[in-house]
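Visitor: Okay, so the sequence shown: first residue is 8 according to our numbering, each after it adds one. Next up is a structure, given as structure tokens.
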Amino acid sequence: MATVTLKGNPVNTSGNIPAKGAAVKDFNLVRSDLSEVSLKDYAGKKKVLNIFPSVDTGTCAASVRHFNKDAANLTNTVVLNISMDLPFAQARFCGAEGIKNCESLSAFRSHFGPEWGLDITDSPLKGLLSRVVITLSEDNKVLHAEQVSEIANEPNYEAALASLR
């Protein structure tokens, strides 16, 4: 279990995020068309996993916008925005914001959160995913992993992107 904060108050998660150098477990998440996707669907590509509580919060929305802008300059890399939001909410947000350089995936019917140590287990955000950025190599080894210590703060974008160069 890891402890982060929400506006200074302690928040616990279901485990520890994958460490740098570790090979990660596969996942099954849901696209906006309700089809399922797994890590295997992105074989041979580097991946940015931008994981957050909900696209309907300011900080989460800012991270999606930021990575969408940065994704246009990345080669052989896919940016995956992952939350517990329903695919319909993700599609609405991305459509309204013009998000075209990354893909939003929902964990609403998966074991992704607990298997990767991301579930928030207490606080008003219980059941959502904590704010984490993980970058993966083409063979799904962790290049960078950051669990943002204060959920209301944005991640270190530069450190994540630097790990892909």
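Note that beta-carbon positions come from the ideal geometry of N, C-alpha and C, so glycine has one too.
1. If you check the beta carbons only, do residue 44 and residue 93 fall under 8 Å apart?
2. According to the neighbour-count rule (16 or more other Cβ atoms, all chains shown, within 10 Å of its Cβ), is residue 177 buried or exposed?
3. Can you confirm whether the stretch 95-104 touches the stretch 120-136 when touching is taken to mean that 3 or more C-beta pairs between the two stretches lie within less than 8 Å?
4. Given a threshold of 16 other Cβ atoms within 10 Å of its Cβ, counted over all protein chains shown, does residue 54 qualify as buried or as exposed?
5. Between residue 158 and residue 60, is the Cβ-Cβ spacing less than 8 Å?
6. Measuring CB to CB, does residue 66 end up less than 8 Å from residue 161?
7. Have a look at residue 85 and residue 13 and give me their C-alpha separation to the nearest angstrom.
Guide: Reading from the atomic positions:
1. Not a contact, by the Cβ cut-off of 8 Å.
2. The structure shown does not extend to residue 177, since the chain is modelled only from 8 to 172, so the question has no answer here.
3. No: the two stretches stay apart, fewer than three of their Cβ pairs being nearer than 8 Å.
4. Answer is buried; the Cβ neighbour count reaches 16.
5. Yes, the pair counts as a contact, with Cβ atoms nearer than the cut-off.
6. Closer than 8 Å, so yes.
7. Cα-Cα distance, rounded: 29 Å.
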